[in-house]
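In my numbering, the protein residues as written are 199 to 310.
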């Protein structure tokens, strides 16, 4: 398994842990990871599903796999990565904020 595939599996595991069985969000969204593919997060189904495909959904987060990993591990927060131009967002912006809060990626990096 390549480093990219290992990181992708770690990202999926981290997302599953954050989502749990009931995230409280009745929506779906996609992470467009460029050359590393797509992750489709379906919180409309129970249990929630994370698939390695472009499922569309209510919004799309376009960023690198490494930056998604950095967000989920608290190395960077969503505001910083957005202002650095490393993430593009499209779709329902209200949902983007809810997802950001649910995943805890809005907090300042390094546990602030």
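From the three backbone atoms N, C-alpha and C, an ideal C-beta is built for every residue, glycine too. The structure presented is a predicted model; accordingly, all values stated were derived computationally and were not measured.
Annotation for residue 230: no alpha helix (DSSP H) segment contains it, though the beta strand (DSSP E) segment containing it runs 226 to 230. Exclusion of the five residues before and after residue 302 leaves no residue of its chain whose Cβ lies closer than 6 Å to its Cβ.
Per DSSP, residue 237 is one residue of the beta strand (DSSP E) stretching across 236 to 240. Per DSSP, the beta bridge partners of residue 259 are 229, 287. Note on residue 255: 16 or more other CB atoms within 10 angstroms of its CB, so buried under the neighbour-count rule. If you draw a straight line from the Cα of residue 295 to the Cα of residue 260, it is about 15 Å long. The C-alpha of residue 240 is placed about 11 Å away from the C-alpha of residue 252. For residue 244, the number of other beta carbons within 10 angstroms of its own is below 16, and it is reported as exposed. When the alpha-carbon of residue 242 is set against those of 224, 234, 232, the nearest one is in 224. In the DSSP assignment, residue 279 falls within the alpha helix (DSSP H) that extends over 276 to 281. For residue 247, the enclosing beta strand (DSSP E) covers residues 247 to 249.
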